[in-house]
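Numbering (our numbering), first residue to last: 11 to 578. Here is the structure we will look at.
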Ligand code: WTA
């Protein structure tokens, strides 16, 4: 029996107080995610239950019970407090998927600071932009990433502490750097958890837009209510489940459903801190006896490509429930998974901003492969006309998705960017910026994004950020960046550039520029192809028309460019 039981029944008289009651929370109470994910689970008698089974390179393994994560998050919280960090100050987590990342997240929340997780593959420039916007007080990182912080530290007077969790004493620490070992530090049995309330800020996740710098999405402790219930009803986690969320906590899926959701339910989760390969993933499922697997379409497509032979070599019979998020999940992938695993991946749709699952398939609900299915109970979702923002009542007619912004995990603002935040609301609807249709049965079908953001393998990349970084290369005069279709990643980054006088177009230069972006921004943002142009298409006022280049890549009609000329 699934946790949700009947979707129709749950939809009738739905109220978020269902989750509040289960979490024993009443309006006005103290609510701290760090406490809910560790201390409370111990109080419920699960102190000795495994919370985290971690596997790193070469199969090394670490295991932590709920009591371990309670103690260790206390220890981290006390350490940060002793450094003088105050509630609501930003503490960045900049690490690979090591245990310190997961447990450190709880520690930051316990002492009342705001956790700012950043993807550890980010280069120095990507890191700087996000720390600068957040005016981050401390960064928790590991040896292998310290050099990136050192490159930019002189530009960050607000950054007071650089905490290194795996310092080996070999090279001297520099100013502001400090070593902290989670396992060797004296464990703190009792920590005075900061009495955060529903609206106290908890997490700051950065997401990319079409224009301007990345936006810091501010969440609050009350988001737990949504994250708990969606985990329970969609991911369907049950007492004996062994859960694997493949997302990195540098992105929202890795925190909402890679930390908060499972641990607030007291579920054992496994983490694989190595790169992707079909072989290592299947091995991991087999060895850890994973029962619930939350992953992403690009990974699923890569597994499809690896073929079915390799599946037969592994015992994957522990799997009982699969779900996916981050990009459109094509019908073929749904059908394939049903065939090879005996279970279909359930597509779930949401965003960094929404904080929790919005549109989704549910266990037991009829699957229409390729569809995002229906709103989570309590979520009012519609399709809006892009010009009038009126609701489209006709089935199958594409428009903008709109949500009534009244669920607990909804973002509270974009950090120091209220103006852009306000633009996300029209006529009382929150506009996530995606287009969809609804069919006659009320199922949502993803159509596309409504902006130029590139979704590569489930990671959002801002063309603006890449264009700006390209201009910093000595050879580049002008740049335009668009998505290019890709079989596995759905989209990859493609750049068009014009060169400064004295520079010759060559394959060598292309590699140089690619590498420059990879280091500065990240491997995700690195253009997979650079096309040299004599001129870039521009409007009369001199703005580059990405749309023309985009249409060219996708083999679409460019349409009447005279009407495009001035409206960019
Ligand atoms: C896209 C990830 C199609 C969408 C949790 C959204 C999807 C953006 C789906 C958010 C899906 C996410 N089908 N597209 N099931 N899920 N997207 O903020 O464009 O990294 O707005 O959050 O990914 O990406 P974000």
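Ideal Cβ positions, reconstructed from N, Cα and C, are used throughout, including at glycine.
With a threshold of 7 Å, the Cβ atom of residue 261 counts as near the ligand WTA, since some heavy atom of the ligand is closer than that. Put simply, the backbone Cα of residue 286 is about 36 Å away from that of residue 185. For residue 537, the closest C-alpha among the options 547, 545, 560 and 492 is that of 492.
Distance between residue 278 and residue 476, taken at the CA atoms: about 39 Å.
Cβ-Cβ separation between residue 117 and residue 44: approximately 7 Å, consistent with a contact (criterion under 8 Å).
In this model, residue 414 and residue 564 are separated by some 33 Å (Cα to Cα). Across the set 467, 508 and 516, the C-alpha of 467 shows the shortest separation from the C-alpha of residue 494. Checking the 7 Å criterion, the Cβ of residue 459 is within range of a heavy atom belonging to the ligand WTA. In the DSSP secondary-structure assignment, residue 489 is bridged to 507. Note: residue 104 is bridge-paired with 151 in the DSSP secondary-structure output. For residue 412, the three-state secondary structure derived from DSSP is strand. Rounded to whole angstroms, the gap between the alpha carbons of residue 341 and residue 553 is 38 Å. Nearest to residue 57 by alpha-carbon distance, out of 234, 81, 190 and 366, is 81.
Each of 555, 489 and 562 was checked against the Cα of residue 540, and the nearest Cα belongs to 489. For residue 173, no alpha helix (DSSP H) segment is defined; the enclosing uninterrupted segment is the beta strand (DSSP E) at 171 to 174. Between residue 534 and residue 482, the alpha-carbon positions lie close to 18 Å from each other. Residue 436 is bridged by DSSP to 439. Per DSSP, the beta bridge partners of residue 459 are 444. Among the bridge pairs identified by DSSP, residue 63 is matched with 73 and 280. C-alpha of residue 362 to C-alpha of residue 65: approximately 27 Å in a straight line. Note that the C-beta distance between residue 172 and residue 152 is not below 8 Å.
Counting the other CB atoms within 10 Å of its CB gives residue 323 a total below 16, which places it among the exposed residues.
Where residue 110 is concerned, the enclosing alpha helix (DSSP H) starts and stops at 109 to 120. The residues 444 and 445, in chain order, have a CB closer than 8 Å to that of residue 458 in the same chain once the five nearest residues on each side in sequence are set aside. In this structure residue 168 is exposed. Its beta-carbon is surrounded by fewer than 16 other beta-carbon atoms within 10 angstroms. The beta carbons of residue 359 and residue 382 sit closer together than 8 Å. For residue 465, the uninterrupted beta strand (DSSP E) run begins and ends at 464 to 466, by DSSP. Taking C-alpha positions only, residue 189 is separated from residue 178 by approximately 9 Å. Note on geometry: alpha-carbon atoms of residue 141 and residue 105 lie some 15 Å from one another. Boundaries of the beta strand (DSSP E) harbouring residue 392: 391 to 394, taken from the DSSP string. DSSP places residue 265 outside any beta strand (DSSP E); the residue lies instead in the alpha helix (DSSP H), whose first and last residues are 262 to 265. By the Cβ neighbour-count rule, residue 49 is buried, with 16 or more other Cβ atoms within 10 Å of its own. Runs of alpha helix (DSSP H) with 4 or more residues, each lying fully within the stretch 269 to 347, are found at 271 to 274, 288 to 298, 307 to 316 and 319 to 322, listed in chain order. Take residue 138, set aside five residues on each side of it, and the residues of its chain with a beta-carbon closer than 6 Å to its own are 162, in chain order. Here residue 207 really is in contact with residue 40; their C-beta atoms are around 6 Å apart, less than 8 Å. Out of 335, 330, 442 and 337, the CA that lies nearest to the CA of residue 348 is found in 330.
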